[in-house]
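Colleague:
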Amino acid sequence: MDQAPSIACRFNGCENIALPNLAKCDFHRHRLPCQVHDCNNIVHDGCDANARGGGFCARHAKVHVKHVCLEPLCNSVAHAKSKCVRHGGGRRCREPECHTLARSGGFCRRHADGPMKMDDEPNWHDIEVGMDHVPTFEDLDQSILDCILATTEPMMTTMLF
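Residue numbers (the numbering used here): 57 to 217.
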């Protein structure tokens, strides 16, 4: 009984036996080879990285070059106006009179929920400050003790059982 010769998987560095009529092993059966003729490197499925996009392996893919800031001696990645954030390439917050850099939706972290309205500011004239009840040290001690007992009471009941 003659056996067909075992053929190794077509991908570079793979020593697994190829499946019949496929030239790829079980592990590599769903992977695509590079589109360059006679290249047996793998194109990684689902990889959106620039080095492996468009059906080419890392060796044959176009490399995306990131632009650097135009300021002398600066090697940071450029954003707007061909400058890094430090040198003026970032966007400013859309809130009037705010000079912080925008982070989300055009606003800085402080104003991320949108512009502040005049109605949002507290009206200090409506707040009444009274001296009706000034806590004593005894009141403070009792409050602290109540808090401690409230947080440790569930632990004490579980320790008893």
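Think of the CB as a built atom: it goes at the ideal place given N, C-alpha and C, for glycine as much as any other residue.
Using C-beta distances below 8 Å, list every residue in its chain close to lysine 80, excluding the 5 sequence neighbours before and after it, in chain order.
Modeller: Cys65, Arg66, Phe67, Ala74 and Arg87
Colleague: Going by DSSP, name the residue or residues bridged to serine 160.
Modeller: Phe163
Colleague: From proline 152 to glycine 162, what does the alpha carbon distance come to, in whole angstroms?
Modeller: 12 Å
Colleague: Is the distance from the Cβ of glycine 145 to the Cβ of alanine 134 below 8 Å?
Modeller: yes
Colleague: From this set, Phe83, Asn77, Gly111 and Arg142, which residue's C-alpha is nearest histidine 93's C-alpha?
Modeller: Gly111
Colleague: Is arginine 148 closer than 8 Å to serine 132 when the C-beta atoms are compared?
Modeller: no
Colleague: Nearest to glycine 69 by CA position, among Pro76, Leu78, Phe83 and Asn77, is which residue?
Modeller: Phe83
Colleague: Use the C-beta contact count for cysteine 90: other C-beta atoms within 10 angstroms, 16 or more gives buried, fewer gives exposed.
Modeller: Buried, because 16 or more other Cβ atoms sit within 10 Å of the Cβ of cysteine 90.
Colleague: Could you tell me the alpha carbon to alpha carbon distance between leucine 201 and arginine 150, rounded to whole angstroms?
Modeller: 48 Å
Colleague: Roughly how many angstroms separate the alpha carbons of arginine 165 and asparagine 77, rounded to a whole number?
Modeller: 58 Å
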